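Peer 1: Residue numbers (my numbering): 54 to 278.
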């Protein structure tokens, strides 16, 4: 795992980081740090037709102001990747169930978090834009349907990750950190008053837009909108 960047470029999930960057983030007010954890797997690599043990990132610890908030699995943290500026290539099954009709590759997602402060309550609008290419199709589907299904997958992942952090007040999406970054005075007012609390309805709006740029070899199977 000395050089995980190539693996991350092909499968952008939990971002590996240098230790000094983790320390810097731990000292940043309002920020929740995602510290990757490693496991050993024999399922993904072979050498001389024999299984070879390899390291694999299997989840992460969440830390806030030098306090450990808990450990979360890869599935728990799926929503985090849509807020990472370094995410390059994310595979998405559409729809996300036991019988998907296709797979898209979403590239370089762009996000914006808009804090909404009403007196002593903070809520948030989330905007995500991503381009996509068709990786695989098992049925004929229109471009519009695939874009809508991909957007729903992204939305569901964000909600799932947010809710996973509710019980331990782990701000996995770094919503409160966005307030501090753009309006530190307001962050201090809300934080000192004990109003920065994660709630079920804190996400006011989640607006996801996916644009398919290329259908590749499946061009003839993509139905018109």
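Every residue, glycine too, gets a C-beta built ideally from N, C-alpha and C. Quantities reported herein were computed from a predicted structural model and do not represent experimental measurements.
I think residue 228 touches residue 166, with their Cβ atoms under 8 Å apart; what is that distance to the nearest whole Å?
Peer 2: Confirmed, about 6 Å.
Peer 1: Out of 238, 230, 112 and 264, state which residue places its alpha-carbon closest to the alpha-carbon of residue 176.
Peer 2: 230
Peer 1: Just how far apart, CA to CA, sit residue 136 and residue 233?
Peer 2: Spanning the two alpha carbons is a distance of roughly 17 Å.
Peer 1: Alpha carbon to alpha carbon, what distance is there between residue 240 and residue 78?
Peer 2: 17 Å
Peer 1: Alpha carbon to alpha carbon, how far is residue 156 from residue 142? Give it in angstroms, no decimals.
Peer 2: 12 Å
Peer 1: Is it buried or exposed, residue 147, if we count other Cβ atoms within 10 angstroms and call 16 or more buried?
Peer 2: buried
Peer 1: Can you tell me the Cβ-Cβ gap for residue 124 and residue 132, rounded? I've got them flagged as a contact below 8 Å.
Peer 2: Actually they are not in contact, since the Cβ atoms of residue 124 and residue 132 sit about 16 Å apart, beyond 8 Å.
Peer 1: Can you give, in chain order, each stretch of the beta strand (DSSP E) that sits fully within the stretch 218 to 269 and has at least 3 residues?
Peer 2: Segments of the beta strand (DSSP E) lying fully in the stretch 218 to 269: 256 to 267.
Peer 1: Can you tell which of 179, 145, 91 and 224 has the C-alpha that lies nearest to the C-alpha of residue 109?
Peer 2: Nearest option by C-alpha distance: 91.
Peer 1: Taking the alpha carbon of residue 128 as the point to measure from, which residue in 76, 225 and 258 has its own alpha carbon closest?
Peer 2: 225
Peer 1: Taking a contact to mean a Cβ-Cβ separation below 8 Å, would you say residue 204 touches residue 262 in this structure?
Peer 2: yes
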